[in-house]
Amino acid sequence: MAFGPARLATLCIALTVAVLGADKAGWLRDKPQPPAPPPVAARPAPAPAALAPAAREPTASAGAVPPGYVRDSADVPANLPEGPDREEIFWFCTACHSSDLVRRQGLTRERWDELLTWMTDRHGMAPLEGTERDKYLDYLSQALPPRRQRGFTNPFLNRE
Ligand code: HEC
-14 MAFGPARLAT LCIALTVAVL GADKAGWLRD KPQPPAPPPV AARPAPAPAA
36 LAPAAREPTA SAGAVPPGYV RDSADVPANL PEGPDREEIF WFCTACHSSD
86 LVRRQGLTRE RWDELLTWMT DRHGMAPLEG TERDKYLDYL SQALPPRRQR
136 GFTNPFLNRE
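So in the numbering used here, spot 37 of the sequence shown is number 22, and the numbers just go up one at a time.
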């Protein structure tokens, strides 16, 4: 079909309508800016308890308990699934956080391995190496495998 004057006119009108519409909607004008936040000094400092553990002071020595952490005396080894070395692993891991955090995870051995590395690199966990690391990975991968293998399938997740 030829691109005649009639088509050109229609196109121009359509364009004009679109521009006027956008202008009326305010899309072409500067949006009002939100008020500037108060200067940092004026803001109250957050209570230490409100800070995420990762945001607190970095732990100086490997395996140091994050400042402010109070062990929950109600958290006991039985809160982790049964398995060899559960007791030792419980005390090691709950030096820094509740066993809840561990129990909520379900990972393959490979992903647990990555998580231990992350815990050491990022959160100052004492490095686990050699047979010691194997022992932890044996327990974690058997006691807390991916949920799919524990009879639960999350229909919204397609990764393990
Ligand atoms: C030196 C302290 C420390 C030790 C020891 C430690 N963790 Fe952690 N772990 C952390 C911190 C800090 C976080 C982040 C907590 C948060 O995000 O609230 C974390 C988070 C986690 C998470 C949650 C990860 C996620 O994706 O949200 C899991 C699972 C976990 N740890 C497992 C373990 C296991 C298993 C052990 C024992 C082998 C262990 N941790 C020992 C400091 C530690």
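Yeah, the Cβ is synthetic: ideal placement off N, Cα and C, and Gly gets one too. Given the structure is predicted, the values throughout are model-derived calculations rather than measurements.
- Query: Should phenylalanine 77 and proline 62 be called a contact, given that it needs their Cβ atoms to be closer than 7 Å?
  - Reply: No; because the gap between Cβ atoms is not below 7 Å, this pair is not in contact.
- Evaluate valine 87 with the Cβ neighbour count: other Cβ atoms within 10 Å of its Cβ, from every protein chain shown; 16 or more gives buried, anything less gives exposed. With a 10 Å radius around the Cβ and a threshold of 16 neighbouring Cβ atoms, valine 87 comes out buried.
- Task: Enumerate, from N- to C-terminal direction, the unbroken alpha helix (DSSP H) stretches of 4 or more residues contained entirely within the region 80 to 138.
- Result: Whole alpha helix (DSSP H) segments, 4+ residues: 84 to 88, 94 to 108, 115 to 128.
- Just the C-alpha distance for alanine 111 and arginine 14, rounded to the nearest angstrom, thanks. Cα-Cα distance, rounded: 56 Å.
- Message: Which same chain residues end up closer than 6 Å to lysine 120 when comparing Cβ atoms and leaving out the 5 residues on each side of it in sequence?
- Response: Asp70.
- Query: For the candidate residues Asn139, Asp60, Ala7, whose alpha-carbon lies nearest to that of serine 84?
  - Reply: Here the closest residue by C-alpha is Asp60.
- Query: Is it true that the CB of glycine 91 sits closer than 7 Å to the CB of proline 130?
  - Reply: Contact: yes.
- Message: Just to confirm the assignment, what range does the alpha helix (DSSP H) spanning tryptophan 76 have?
- Response: According to the DSSP assignment, tryptophan 76 belongs to the alpha helix (DSSP H) that extends over 71 to 78.
- Query: Closer than 6 Å: is that where the CB of tyrosine 124 sits relative to any heavy atom of the ligand HEC?
  - Reply: No, Cβ of tyrosine 124 sits at least 6 Å from all heavy atoms of the ligand HEC.
- When we look at the beta-carbon of tryptophan 97 and count the other beta-carbons within 10 Å, is it buried (16 or more) or exposed? Flag for tryptophan 97 reads buried.
- Task: Let me know the secondary structure DSSP gives proline 66 once reduced to three states.
- Result: If DSSP states are grouped into helix, strand and coil, proline 66 belongs with coil.
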